[in-house]
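One structure is given here, and the rest of the page talks about it.
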Amino acid sequence: MRAYTEKIREAAKRLLSEDRVDVVIGFRKGTVALMNEPFLVKSLDQVDRLYWDGNCGINLANYLPKRPDRVAIVAKGCDSRNIVVHLLENQIKREQLYILGAPCHGMIDRRRILAALDGKEPLQVEEANGTIKLIGRDFEETLERSSCLQDNCAICIHRNPVVYDELLGDLVAEQENVDRYSDVRRVEAMSSEQRWQYFDDLIAPCIRCYACRNACPLCYCPTCFVDESRPQWVGKSIDRTDTRTFHFLRAYHVAGRCTDCGACERACPVGIKVRRFTKKLEKDIKELYGYEVGLSTDERPPLDTYRPGDPEPFFK
Amino acid sequence: MNNPYLPYPVKIDSVVTETEDRNLKTFKLVFLNPDDEAGFNYTPGQFAELSIAGLGEIPIGIATSPTEKGYIMFTVNKVGKVTNHLHNMQAGEIMGVRGPLGNWYPWDVLEGKNVVIIGGGFAFTTLRSSIVYMLDSANRSRFGDITVVYGARSPGLLLYKEELAAWEQRDDINMHITVDGTDDPNWKYNIGFVPAITKEKAPSSENAYAIVCGPPIMIKFTLPVLTDLGFPAERIITSLEMRMKCGIGICGRCNIGTEYVCKDGPVFTLEQLSRLPNEY
Amino acid sequence: MSETYVSKEKLPGIVEQLMGTHRVFGPILKGQYHQFALLEESADLDLAFRNTRLSPKALFHPHSERMFEFTLEKGNPDAGILKEVPKDYRSRIVLGIRPCDAYAFKLDDRNFITDQFKDPWWVQRRESTTLVGLACNDPCSTCFCTSAGSGPFDTSSLDVLLVDLGEGYLLQAVTHKGEQLMGDLAGGESVPEHCTEQAAALKQSAEAQLGIQFNLDPVKQKSMVELFDAPFWEDVQFSCINCGTCTFLCPTCWCFDIQDEVYQSRGERIRIWDSCMFPLFTLHGAGHNPRDQKLKRVRQRFMHKLKYYPDKYADGIACVGCGRCVQHCPVNIDIRQVARLMAESCVCPV
Numbered sequence: 001m002r003a004y005t006e007k008i009r010e011a012a013k014r015l016l017s018e019d020r021v022d023v024v025i026g027f028r029k030g031t032v033a034l035m036n037e038p039f040l041v042k043s044l045d046q047v048d049r050l051y052w053d054g055n056c057g058i059n060l061a062n063y064l065p066k067r068p069d070r071v072a073i074v075a076k077g078c079d080s081r082n083i084v085v086h087l088l089e090n091q092i093k094r095e096q097l098y099i100l101g102a103p104c105h106g107m108i109d110r111r112r113i114l115a116a117l118d119g120k121e122p123l124q125v126e127e128a129n130g131t132i133k134l135i136g137r138d139f140e141e142t143l144e145r146s147s148c149l150q151d152n153c154a155i156c157i158h159r160n161p162v163v164y165d166e167l168l169g170d171l172v173a174e175q176e177n178v179d180r181y182s183d184v185r186r187v188e189a190m191s192s193e194q195r196w197q198y199f200d201d202l203i204a205p206c207i208r209c210y211a212c213r214n215a216c217p218l219c220y221c222p223t224c225f226v227d228e229s230r231p232q233w234v235g236k237s238i239d240r241t242d243t244r245t246f247h248f249l250r251a252y253h254v255a256g257r258c259t260d261c262g263a264c265e266r267a268c269p270v271g272i273k274v275r276r277f278t279k280k281l282e283k284d285i286k287e288l289y290g291y292e293v294g295l296s297t298d299e300r301p302p303l304d305t306y307r308p309g310d311p312e313p314f315f316k
Numbered sequence: 317m318n319n320p321y322l323p324y325p326v327k328i329d330s331v332v333t334e335t336e337d338r339n340l341k342t343f344k345l346v347f348l349n350p351d352d353e354a355g356f357n358y359t360p361g362q363f364a365e366l367s368i369a370g371l372g373e374i375p376i377g378i379a380t381s382p383t384e385k386g387y388i389m390f391t392v393n394k395v396g397k398v399t400n401h402l403h404n405m406q407a408g409e410i411m412g413v414r415g416p417l418g419n420w421y422p423w424d425v426l427e428g429k430n431v432v433i434i435g436g437g438f439a440f441t442t443l444r445s446s447i448v449y450m451l452d453s454a455n456r457s458r459f460g461d462i463t464v465v466y467g468a469r470s471p472g473l474l475l476y477k478e479e480l481a482a483w484e485q486r487d488d489i490n491m492h493i494t495v496d497g498t499d500d501p502n503w504k505y506n507i508g509f510v511p512a513i514t515k516e517k518a519p520s521s522e523n524a525y526a527i528v529c530g531p532p533i534m535i536k537f538t539l540p541v542l543t544d545l546g547f548p549a550e551r552i553i554t555s556l557e558m559r560m561k562c563g564i565g566i567c568g569r570c571n572i573g574t575e576y577v578c579k580d581g582p583v584f585t586l587e588q589l590s591r592l593p594n595e596y
Numbered sequence: 597m598s599e600t601y602v603s604k605e606k607l608p609g610i611v612e613q614l615m616g617t618h619r620v621f622g623p624i625l626k627g628q629y630h631q632f633a634l635l636e637e638s639a640d641l642d643l644a645f646r647n648t649r650l651s652p653k654a655l656f657h658p659h660s661e662r663m664f665e666f667t668l669e670k671g672n673p674d675a676g677i678l679k680e681v682p683k684d685y686r687s688r689i690v691l692g693i694r695p696c697d698a699y700a701f702k703l704d705d706r707n708f709i710t711d712q713f714k715d716p717w718w719v720q721r722r723e724s725t726t727l728v729g730l731a732c733n734d735p736c737s738t739c740f741c742t743s744a745g746s747g748p749f750d751t752s753s754l755d756v757l758l759v760d761l762g763e764g765y766l767l768q769a770v771t772h773k774g775e776q777l778m779g780d781l782a783g784g785e786s787v788p789e790h791c792t793e794q795a796a797a798l799k800q801s802a803e804a805q806l807g808i809q810f811n812l813d814p815v816k817q818k819s820m821v822e823l824f825d826a827p828f829w830e831d832v833q834f835s836c837i838n839c840g841t842c843t844f845l846c847p848t849c850w851c852f853d854i855q856d857e858v859y860q861s862r863g864e865r866i867r868i869w870d871s872c873m874f875p876l877f878t879l880h881g882a883g884h885n886p887r888d889q890k891l892k893r894v895r896q897r898f899m900h901k902l903k904y905y906p907d908k909y910a911d912g913i914a915c916v917g918c919g920r921c922v923q924h925c926p927v928n929i930d931i932r933q934v935a936r937l938m939a940e941s942c943v944c945p946v
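Chains as they are written, first to last, in our numbering: chain A, 1 to 316; chain B, 317 to 596; chain C, 597 to 946.
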C-alpha cells in the first residue's frame, strides 16, 4: 500500500494548486514504528510529508464534522462508510469533500505485533508481498501480514471505499465467506449471569480516558452524556456502575451507525475489546432491518426512520 | 495532619435576598466550632470554598471584612448545581466552608494611598469587604481618599443597598453609585455605564491605586479609562474568576500560564496579567 | 552507601521476607500488560518487564479516591458534615519501579507538598513508602529520560537501586531508609568481584543508547507569551482527539476533579483523575470556557510540562521521559517533537 503515498501526494498537489480544495487530510509518517499521524495539509510545501502504509488505521472521518472548508480526504473502506454516515447526519456536505478512495488490504494491529515480539522492539518495518518484516536492534523477524491485522480488518467485507472522487489504486477483491459474528455468537450462547460477568471483566481495566469515544467518528456530540453536568447522568469515578453505564450507553448510541472501523479498540490504551459491544448491535441491525451502515446516502438509517412494518420483537 | 480539603462546619445564620431578580442572596454563616473561627483569619480580597455535602463546592469571595466579628458572609449568584441548592437552603441548616483561600488586595502597598474602587454587578462582594475594612475606625487613617464607582443594570440589582446609602452619607468616602438605566423617578444617583461614570468622575491617579471587579465587558471598557486617567498597569488591580476545585493550587485546572488563580491569585495587577498568556 | 548481591534464585525468598514486614507492590503481568499491584505471592513479581502500561502514580494518587464521607440522614446531628476516611498507611515497598517513574514522584511532590498546603494523602503515602528501583539496562526507543532530567540508573528518587546483572541483582542503598531496609535483609551475599564495574558499564551503555534527544535550554529564554502565541500549535493539535490517554498514563499528570456522590442517605466526596484534554476541565459554572478549543487544551498540556512548570519552580521539566504518551497516543503525537518545536521551532532531530 506504500504505492498510495505517491498517488496521494500527486493528488494533493493537483487539488491544492487547482484550488479544488482548501486542505487535504491524510497521514504523515509516525515517529515510532507501526504508527502514523493524521495530518492536515494546508499548503503545497507540506504535500511531500503525506504518507501511506499499513499503519493508517485511524479513521480520518473523525476529523470532518463541522469543518467549514473544502476538504480532500484519504478514505479507506471504513472511512468512506463513516463519511456516508456524516453525510446522512449532516455533519459535512458532499460538495465540500473530495474523497481520495484507498482500497485497503486491512490495517496492521500494532499491539498484536508488539505482543508477538514479546518485549522486543521493532524500530523499522517493511511491508512487502503479504509479509511484514520487523527489524529491531538485534533481531529481524518476518510475519505474515494477514496474521497481523486489526480484528475488524480481518473480517472486513467492505475494503473498497463506497464513495470517492478518485481512486488511489485498483479496487481490491472483497473478502468472501467471512464469519463476521463468531465472537458475538459465543457471547449470545452464554447465560445472562455469564454474560454480565463477561462484560464486567471486559471493561474492568477501563480508566475512563474516553479514547474509544474520541477516536470514534460517530462521537461528535457537542457535550457527551458523560460530560453533562446539569443534570449529571454518570459518575466520573471507576465505580463499576458508572463504567458500565458509559460503555453500554455509548454502544447503544452508535447502534445502526457503527461501521466497525475499529478506531475504538485501536485507541484504547488498556486494550479493551470495545467492539464486543458494538458488534452485537451491528448484527442485530442487520438481522432486524437488513441494514448495513454507511453503504448509501439514499437510504435513511433504520433507527432514525419509522416504517409501519418495522420489526419490534425487542420491545418488551 | 491538617487536611486542607476538609471544610469547617458552619450554620446558616441568615439568608437575605439582595436583588429584585432574586438571583443573588447573601448568606451569613457562623462557625460551629469556635476553634475553626479563630483559625479562619482572612484579609479582604480572599475567597473560600462553600461546601454542601452531596453536591460539591463553589469558590466565592468573602463579603465580610475581618473587622466584622462573629460571622462571615457570602453573596452568591444562582448559576449552577451547588448555587441553586444553596439558594433553597434556610437559616439553621448546616454546610461547610473551606478557606480562607487565595491572595488578597495588597493592603500593605495601599497604605497611605488613595484607593479607587470600581465595581459592577455582583462582583462587588470582596469590594464590600474592602470598603468596610478601610472605613473601620481602626483602619481609616491608614488610607487616603477612598472613591467608589459601583454600578448595576438597574437599582434593584445593586447589592448591599442599605450600606450603600449609609456610605453615601459619610464624608470620608466618595460614592458614585450608578445604574445602566431606570424608570424610577426617585432615583437620586447616577445613570450610565461604569466606564462612563468613571470617566465623568475622573478620580485622580495621583498617589492612587484602582481596584476593578466586574463582568469582563465592564473591565474591558474601564481599563482604557483608567489608563487615560494616568493609572499605570501596576497600579490597576483586579480579581479573576476561574473554574476551581481544590482552591489550594493542587488540582491543576485554574492556571493562567504559571499562575494558579486559586492560590497565586485571584488578585493580580494588570501589569502581572500582561506577562501571562491571554487565556482567562 | 552499602551494596549487596542477590542471585536470581534467591530473590523470591528475599521478596517473601519483605512481604513479612511490609506491603510489597511490584510489577505483575495482568492480561496484556504489566501493572503495579500488591503482591499476594512472591512469584507474581515479574521483573522481566519493560515498564508498566500505566505509571505507578496510582499508588500515591489513585484514579478514584474517597476523600471524605458524610451522612444526609434527617435528624442526625452530623448530617452534612464531612468526616475523614481512614486510610491504610502501613509501611510498604514499591519494588521494581523504574528510576524515571520514581523521579516523577519528586516532581509531583512540588505540587502536592507546598509551604502553604500539604496534600495529606500524598504526604502520608510518600512517607510510608520505600522505593526500590530497577535500573533500565535496555531502554525503549520511546524513552528519553536522559533528555528530561532523569536517567536509566537515576537514583535521585530511590531508596534502593537494583541492577539486573544477568545471574543476579546488585542492590545499592541510596538513602538511609534504603540502607535500613537492606540491613534488615537476610540472604544477601557479598558483592562478587567486578559486579560494581559491570553495573557501571550497563549504565553507560543504557545512557549512550538513549542519547540526548532534545535540548530545552532555548525554551527557558523564550517568554511564556511568545511560546503561547507560537504558530506551530496549529500543526501540533490537528491530529489530537482530546482523549485522556496521555494524561492518564503520565506519571507527572496529577490533575484531579472533586465530586460528591450520594447513595440514599450516605455520600462521599471523592477525587478523580481529570485531564486538561477535556473541555469540561475549565468550563465555568456560568458557561464561559477559557480553553474552549482543542488547540488551547493541547497547548496547555505541553506548555505546562515544558514551560510553566520549569518557570514556576525554577526546576526541570514536568516530564520524566518515560515515553508512555509517545507509545500509546492513539494518533502518535510525540512530546519529543513538540519539545524540539518549542526549543527551535523546527523538528530536526538533535
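A virtual CB, placed ideally from N, CA and C, is assigned to each residue, including glycine. From a predicted model like this one, the values you see are computed outputs, not experimental measurements.
Query, Result
"Under 8 Å between C-beta atoms of Arg559 of chain B and Thr843 of chain C", "no"
"Beta-bridge partners of Gln768 of chain C, as assigned by DSSP", "C:Glu599, C:Leu757"
"The stretch 402–415 of chain B contacting the stretch 318–333 of chain B, beta-carbon criterion three pairs below 8 Å", "yes"
"Closer than 9 Å at the beta carbon, the chain B residues around Gly912 of chain C", "The premise fails here: Gly912 of chain C is roughly 15 Å from chain B at the closest Cβ pair, so nothing lies under 9 Å."
"Reference Ala128 of chain A; option with closest CA among A:Ile285, A:Arg300, A:Tyr289, A:Ala3", "A:Ala3"
"Cβ neighbours of Pro511 of chain B in the same chain (closer than 6 Å, five flanking residues each side left out)", "Phe537, Thr538, Val541"
"Asp870 of chain C versus Leu635 of chain C: straight-line alpha-carbon distance, rounded", "28 Å"
"Chain-ordered residues of the stretch 689–721 of chain C with a beta carbon less than 9 Å from chain A", "none"
"Expected contact under 8 Å - CB spacing of Asn62 of chain A and Ile929 of chain C to nearest Å", "Not a contact, Cβ separation roughly 14 Å."
"Chain C contact for Tyr210 of chain A (CB, 8 Å cutoff)", "yes"
"Closest residue to Arg646 of chain C among C:Tyr904, C:Lys818, C:Pro886, C:Asn733 (Cα-Cα distance)", "C:Asn733"
"Three-state class that DSSP yields for Met938 of chain C in the structure shown", "helix"
"Nonlocal neighbours in the same chain, by C-beta distance under 8 Å from Pro416 of chain B, ignoring five residues either side", "Phe356, Asn357, Tyr358, Thr359, Gln362, Phe363, Ala364, Ile378"
"Bridge partners - Glu334 of chain B, DSSP secondary structure assignment", "Per DSSP, none; premise fails for Glu334 of chain B."
"Cutoff 8 Å: Glu37 of chain A Cβ touching any chain C Cβ", "yes"
"Interface positions of the stretch 233–250 of chain A facing chain C (Cβ-Cβ less than 8 Å), listed along the chain", "Gly235, Lys236, Ser237, Ile238, Asp239"
"CB contact below 8 Å: Val431 of chain B versus chain C", "no"
"Chain-ordered neighbours of Phe567 of chain C on chain A, where CB pairs are closer than 8 Å", "No answer is possible for residue 567 of chain C: it lies beyond the span of chain C, which begins at 597 and ends at 946."
"Outcome for Ala211 of chain A when other beta-carbon atoms lying within 10 angstroms are tallied against a minimum of 16", "buried"
"Beta-carbon separation (whole angstroms), Val787 of chain C vs Thr648 of chain C, contact threshold 8 Å", "Contact flag wrong, Cβ pair sits at about 29 Å."
"Buried/exposed call for Ile610 of chain C, threshold 16 Cβ in 10 Å", "buried"
"Proximal residues of chain C, C-beta to C-beta of Glu121 of chain A below 7 Å", "Cys736, Ser737"
"is_contact[Pro593 of chain B, chain C] using C-beta, thresh 8 Å", "yes"
"Among B:Tyr421, B:Gly565, B:Ile493, B:Gly412, nearest to Val398 of chain B - alpha-carbon criterion", "B:Gly412"
"Asn430 of chain B - partner residues in DSSP beta bridges", "B:Ala524"
"Pick from C:Pro652, C:Thr667, C:Glu612, C:Arg662 that is closest to Ser861 of chain C, judged by C-alpha positions", "C:Thr667"
"Beta carbon proximity, Tyr904 of chain C to chain B, threshold 8 Å", "yes"
"Minimum Cβ-Cβ distance from Thr31 of chain A to chain C less than 8 Å", "yes"
"Burial state of His772 of chain C, where buried means 16 or more other Cβ atoms lie within 10 Å", "exposed"
"Residues, ordered as in the chain, of the stretch 753–766 of chain C that lie near chain A by beta-carbon distance below 9 Å", "none"
"Residue-chain proximity (Tyr358 of chain B, chain C), Cβ-Cβ < 8 Å", "no"
"Closest Cα partner of Thr223 of chain A within the set C:Asp888, C:Val832, C:Gln805, C:Gly616", "C:Asp888"
"Chain C residues whose Cβ lies nearer than 7 Å to that of Glu522 of chain B", "In chain order: nothing, as chain C lies at least about 31 Å away."
"Cut-off 8 Å between Cβ atoms - residues of its own chain near Pro945 of chain C, not counting five sequence neighbours on either side", "Because Pro945 of chain C carries a pLDDT of 45, less than 50, the predicted location of this residue cannot be relied on, and the following value inherits that uncertainty. Result list for Pro945 of chain C: Gln809, Arg936, in chain order."
"Spatially closest choice to His884 of chain C from B:Lys561, B:Ser457, B:Pro531, B:Tyr505, by CA coordinates", "B:Pro531"
"Reduced DSSP secondary structure (H/G/I, E/B, other) of Leu319 of chain A", "Any answer about residue 319 of chain A is impossible in this case: the structure gives chain A only from 1 up to 316."
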